[in-house]
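Report on the structure given below.
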Amino acid sequence: MKDQSANRNKRIMIFGLMIVLIIMIGMATLYFMDQDSGPHVSDDDLPAIEAQTSPTDSDAKGREIDKTTGFIVDTGMSETIQNCTPCHSAKMVTQNRMTRDGWLASIRWMQETQNLWPLGDNEPIILDYLAKNYAPANKGRREPLTNIEWYKLK
Amino acid sequence: MERRNFVKKATLSSLAGVIGADIVFGANMPLGITPLALQDPDPFKLFDINKDMVVLNDKPWNIEARAYLLDDKVTPNSCMFIRNNGKMPVDIDVDAWTLTIDGESVKQEKTYSLAQLKSKFKHYTYQLTLECGGNGRSEFNPPAKGNQWTIGAVYCANWTGVRLRDVLEDAGIKDNAVYIGYHAADTHLSGDPTKEPISRGAPMSKALQDETLIAFQMNGEEIPLAHGYPLRLVAGGWPASVSGKWLKRISIRDKVHDGAKMTGTSYKVPCEPVAPGTEVDEKDMCIIESMPVKSLITYPKSGAVINTGKKMEIRGHAWAGDLEVANVHYSIDFGATWDSCHLERPVNKLAWQHFKAEVAFPKKGYYEVWAKATDSKGVSQPMVLPGWNPKGYLNNACHRIAVKVS
């Protein structure tokens, strides 16, 4: 009985590994196809690309967040990571809120003064992603105090 | 990215995942492995900072304090905000480090070693308030672009060094001098060696002020790397970006300095007030000089729950750019009534001042304690946001802490 069950476990494990391998190759292929329309920059210019899409988490609002970068998982996230994080942190993006025009103005400013390359076909993809996920909300003239951690003062 | 290159890497990483070895290219691989993150330095260890400091940005480093971390009269390194614009210099050789004074309006260009600076000029120590021009940016509406500082981009440390004036006068200042501009050893984020991350400055009047130092010590020790080791220009009361870190060169200019982040809209506000969200032409923007009056309640931490009938001590600091703080008041009824705090004089010009008060609450309930400082010209902090500006500078609205009496 024991031998049989061990054998079965072994078979399941091998089968599982094969599935993992197939999924990986599949995803890599998808990624590769995605890359074809990517930015025209050399491999060396993209150090942060390796940080892309690792495990995800959900934020306070229940949105799926890429654990490594902190970006909201949505269409256009890969393009945003590839083009926006080689020079600066993802945090530079995720802590800001702008309209589509505002994000475009930031991109133009970086292209004019900070050596950002032309984004080509990725530009509208990135702008759609940013304008949708990092849009400003009206905060009024002063927000109420939030996230108060109550504690007993001795 | 080239096809061949990618395929090679993808294959490697897939196999690596199965055999459990190092991931070379882990993109899109849901393996729970994040190679780059593992290589990231831990800023809390790297900078030896308090675990409650808040990292806003890690490339470049931008880290702020929380109000209750700033309770010390002299801020320790562990609780000082860090605002970098580029990459910090590496492999600093202090024996080879020099400071050059040049520019259109220098009589004779001069270069000093660190040892020469220390031996040739008299040393001074001042406690100087440094606040980021963008401190409080996170509150502006519509939001302003940049690091979203809340309240923690301010500190007041002791700086020891030589007077900038003594060094400038040693090189000689021509009559047509208008401004000084600094140049430093940090490098641009893009890696472009022809670009400076930041090169700001101040008019001659600020440069020649007694308290404006070329500092080589902070709180009695060598300046920590993140704060400008081995040499920093320190100009208290002005946006902290005037206090150039990793100082290599100071140019005496015959015009307003035009280095990186002096031009465009950086560290500038509309010369005339504008409605929130207005687009402002660059020519209508004016350079920020002295910072506005402001205060911070550093004790207790927001969220205190106390018993009915118990008095609560509050304390904190207030500062007013080039000016002195004349008085500080607190309110527990959302600004309807104000009581005065006890306020100390500054230990020297441009140092923050300490205030305290005993606060009594009339009955159970939710309260906010607000602090409001007034400068020596009678100008106070606003209770709501001050004038909106495109880059979100100079938010000196009253600090608020939440208190519950139960």
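Chains as they are written, first to last, in our numbering: chain D, 1 to 154; chain L, 1001 to 1406. Glycine is no exception: its CB is placed at the ideal position from the N, C-alpha and C atoms.
**Asked** Around the Cβ of A60 (chain D), are there at least 16 other Cβ atoms within 10 angstroms (buried) or fewer (exposed)?
**Response** Sequence index remark: in the first sequence, residue 60 (chain D) carries index 60 (1-based). Taking every protein chain shown into account, the CB of A60 (chain D) has fewer than 16 other CB atoms within 10 angstroms, so this residue is exposed.
**Asked** Which bits of chain D does R1400 (chain L) rub up against, with CB to CB less than 7 Å?
**Response** For the purposes of this step, residue 1400 (chain L) is taken as residue 400 along the second sequence, with counting starting at 1. Ordered by position in chain D, the residues that pass the 7 Å Cβ test against R1400 (chain L) are L145.
**Asked** DSSP on A1207 (chain L), reduced to helix/strand/coil?
**Response** Numbered from 1 along the second sequence, position 207 holds the residue referred to as residue 1207 (chain L). Three-state result, A1207 (chain L): helix.
**Message:** Between M1285 (chain L) and chain D, is any beta-carbon pair separated by less than 8 Å?
**Reply:** Position 285 of the second sequence, counted from the start, is the residue given in the question as residue 1285 (chain L). No, because no Cβ of chain D sits closer than 8 Å to the Cβ of M1285 (chain L).
**Prompt:** Less than 8 Å separating the beta-carbons of A1157 (chain L) and M1080 (chain L)?
**Reply:** Counting from one through the second sequence, the residue named residue 1157 (chain L) turns up at place 157. Counting from one through the second sequence, the residue named residue 1080 (chain L) turns up at place 80. Yes, the pair counts as a contact, with Cβ atoms nearer than the cut-off.
**Asked** Is D1339 (chain L) helix, strand or coil by DSSP?
**Response** Your numbering for residue 1339 (chain L) matches position 339 in the second sequence. If DSSP states are grouped into helix, strand and coil, D1339 (chain L) belongs with the strands.
**Prompt:** Are the beta-carbon atoms belonging to I1306 (chain L) and V1405 (chain L) less than 8 Å from one another?
**Reply:** Working through the second sequence from its first residue, we reach residue 1306 (chain L) at position 306. Working through the second sequence from its first residue, we reach residue 1405 (chain L) at position 405. For I1306 (chain L) and V1405 (chain L), yes; Cβs fall inside 8 Å.
**Item:** Anticipated Cβ contact below 8 Å, W1338 (chain L) with K1372 (chain L), distance rounded
**Value:** Start at 1 with the first residue of the second sequence, and residue 1338 (chain L) comes out as number 338. Start at 1 with the first residue of the second sequence, and residue 1372 (chain L) comes out as number 372. Right, the Cβ-Cβ distance comes to about 7 Å (below 8 Å), so this counts as a contact.
**Message:** Contact between the stretch 1201 to 1208 of chain L and the stretch 1047 to 1060 of chain L is defined here as three or more beta-carbon pairs at a separation below 8 Å; is this criterion met?
**Reply:** A contact is defined here as three or more CB-CB pairs under 8 Å, and the stretch 1201 to 1208 of chain L fails this definition with respect to the stretch 1047 to 1060 of chain L.
**Message:** Buried or exposed for Q111 (chain D), going by 16 or more other Cβ atoms inside 10 Å?
**Reply:** To locate residue 111 (chain D), count along the first sequence from 1; it is residue 111. Exposed is the call here.
**Message:** What are the residues in the stretch 83 to 104 of chain D lying within 9 Å of chain L by C-beta distance?
**Reply:** Listed by position along the chain: T85, P86, C87, H88, S89, A90, K91, M92, Q95, N96, R97, M98, T99 and G102.
**Message:** Counting only C-beta atoms, is S58 (chain D) closer than 8 Å to chain L at any point?
**Reply:** One-based indexing of the first sequence puts residue 58 (chain D) at position 58. No - not a single Cβ of chain L is within 8 Å of the one on S58 (chain D).
**Amino acids of chain L, ordered along the chain, whose beta-carbon sits closer than 7 Å to that of N138 (chain D)** = For the purposes of this step, residue 138 (chain D) is taken as residue 138 along the first sequence, with counting starting at 1. The contacting residues are N1141.
**Per DSSP, cross-strand counterpart(s) of L1213 (chain L)** = Within the second sequence, residue 1213 (chain L) is the residue found at index 213, counting from 1. Under DSSP, L1213 (chain L) forms a beta bridge with L:R1163 and L:V1234.
**Request:** Would you please state the rounded distance, in angstroms, between the beta carbons of Y1366 (chain L) and I1332 (chain L)? I believe it to be under 8 Å.
**Result:** Stepping through the second sequence from its first residue, residue 1366 (chain L) is reached at position 366. Stepping through the second sequence from its first residue, residue 1332 (chain L) is reached at position 332. 11 Å between Cβ atoms; not a contact.
**Prompt:** Nearest to D1281 (chain L) by alpha carbon, out of L:R1200, L:P1270, L:A1275 and L:E1289?
**Reply:** Reading the second sequence from its first residue, position 281 is the one you call residue 1281 (chain L). Shortest Cα-Cα distance from D1281 (chain L) to any of L:R1200, L:P1270, L:A1275 and L:E1289 involves L:P1270.
**Item:** For K1248 (chain L), the nearest candidate out of L:A1226, L:G1277, L:P1273 and L:H1183 (CA to CA)
**Value:** Along the second sequence, read from residue 1 onward, the residue named residue 1248 (chain L) stands at position 248. Here the closest residue by C-alpha is L:H1183.
**Proximal chain L residues relative to Y151 (chain D), where beta-carbon distance stays under 8 Å** = Here residue 151 (chain D) corresponds to residue number 151 of the first sequence, with the count starting at 1. By Cβ distance, chain L contributes K1301, G1303, A1304 and V1305.
**Message:** For the ligand COA, I want to know if Y1124 (chain L) counts as a neighbour, meaning its beta carbon is within less than 7 Å of at least one of the ligand's heavy atoms.
**Reply:** The ligand COA is not part of this structure, which contains no ligands at all.
**Request:** Quick one: which residues of the stretch 112 to 132 of chain D get their C-beta closer than 7 Å to a C-beta of chain L? List them in chain order.
**Result:** Contact residues of the stretch 112 to 132 of chain D toward chain L are Q114 and N115 (C-beta to C-beta distance below 7 Å).
**Request:** Look up S106 (chain D) in the DSSP assignment and say whether it is helix, strand or coil.
**Result:** Working through the first sequence from its first residue, we reach residue 106 (chain D) at position 106. DSSP places S106 (chain D) in the helix class (H, G or I) of the three-state scheme.
**Asked** Taking the DSSP output, what are the residues bridged to N1389 (chain L)?
**Response** As a first step, residue 1389 (chain L) is located in the second sequence; it is residue number 389 there, counting from the start. In the DSSP assignment, no residue is bridged to N1389 (chain L).
**Message:** If you measure between the beta carbons of Y1124 (chain L) and R1066 (chain L), is that distance less than 8 Å?
**Reply:** What you label residue 1124 (chain L) is simply residue 124 of the second sequence in a count that begins at 1. What you label residue 1066 (chain L) is simply residue 66 of the second sequence in a count that begins at 1. Going by C-beta atoms, Y1124 (chain L) is not nearer than 8 Å to R1066 (chain L).
**Prompt:** On the premise that C87 (chain D) lies in contact with L1189 (chain L), defined as a C-beta separation below 8 Å, what is that separation, rounded to the nearest angstrom?
**Reply:** For the purposes of this step, residue 1189 (chain L) is taken as the residue at position 189 of the second sequence. For the purposes of this step, residue 87 (chain D) is taken as the residue at position 87 of the first sequence. Confirmed, Cβ separation roughly 5 Å.
**Asked** Does the beta carbon of R142 (chain D) come closer than 8 Å to any beta carbon on chain L?
**Response** Residue mapping note: residue 142 (chain D) aligns to position 142 of the first sequence, counting from 1. Closer than 8 Å to the CB of R142 (chain D) there is at least one CB belonging to chain L.
**Prompt:** Could one say the Cβ of L1189 (chain L) lies closer than 8 Å to chain D's Cβ atoms, at least one of them?
**Reply:** The residue labelled residue 1189 (chain L) in the question sits at position 189 within the second sequence. Yes, L1189 (chain L) lies at the interface with chain D (some Cβ there is under 8 Å from its Cβ).
**Item:** Proximity winner among L:I1101, L:V1256, L:F1044 and L:V1154, relative to N1449 (chain L) (alpha-carbon distances)
**Value:** This structure cannot speak to residue 1449 (chain L), because chain L is shown only from 1001 to 1406.
**Asked** Does V1384 (chain L) get closer than 8 Å to chain D when you measure Cβ to Cβ?
**Response** Within the second sequence, numbered from 1, the residue matching residue 1384 (chain L) stands at position 384. Against chain D, the CB of V1384 (chain L) has a partner CB under 8 Å away; the residue lies at that interface.
**Request:** Count the other C-beta atoms from every protein chain shown that fall within 10 angstroms of the C-beta of Y151 (chain D), then say buried if there are 16 or more, exposed otherwise.
**Result:** Translated into the one-based positions of the first sequence, residue 151 (chain D) becomes position 151. Burial state of Y151 (chain D) is exposed, judged by a 10 Å Cβ sphere holding fewer than 16 other Cβ atoms.
**Prompt:** Would I148 (chain D) count as contacting chain L if we go by Cβ distances under 8 Å?
**Reply:** Sequence index remark: in the first sequence, residue 148 (chain D) carries index 148 (1-based). Chain L contact via Cβ: present.
**Message:** If we define contact as Cβ-Cβ less than 8 Å, is D1058 (chain L) a contact residue for chain D?
**Reply:** Residue 1058 (chain L) sits at position 58 when you count from the first residue of the second sequence. Cβ-Cβ to chain D under 8 Å: yes for D1058 (chain L).
**Prompt:** Of all the residues that make up the stretch 1146 to 1160 of chain L, which are near chain D by a beta-carbon distance shorter than 8 Å?
**Reply:** Of all residues in the stretch 1146 to 1160 of chain L, G1146, N1147 and Q1148 have a Cβ within less than 8 Å of some Cβ in chain D.
**Request:** Determine the extent of the beta strand (DSSP E) in which A1304 (chain L) is found, giving its start and end residues.
**Result:** Within the second sequence, the letter at position 304 stands for residue 1304 (chain L). First-last of the beta strand (DSSP E) with A1304 (chain L): A1304 to I1306.
**Neighbourhood of R108 (chain D) by C-beta, 6 Å cutoff - its chain only, sequence neighbours within 5 removed** = The residue labelled residue 108 (chain D) in the question sits at position 108 within the first sequence. Nothing listed; no residue qualifies.
**Message:** Excluding the 5 residues flanking D128 (chain D) on each side, which residues of the same chain have their C-beta closer than 7 Å to its C-beta?
**Reply:** Taking the first sequence and counting its residues from 1, one reaches residue 128 (chain D) at position 128. Same-chain partners within the cutoff: G76.
**Asked** Cβ of I1198 (chain L) within 8 Å of Cβ of G1086 (chain L)?
**Response** Counting from one through the second sequence, the residue named residue 1198 (chain L) turns up at place 198. Counting from one through the second sequence, the residue named residue 1086 (chain L) turns up at place 86. In this structure, the beta-carbon distance from I1198 (chain L) to G1086 (chain L) falls below 8 Å.
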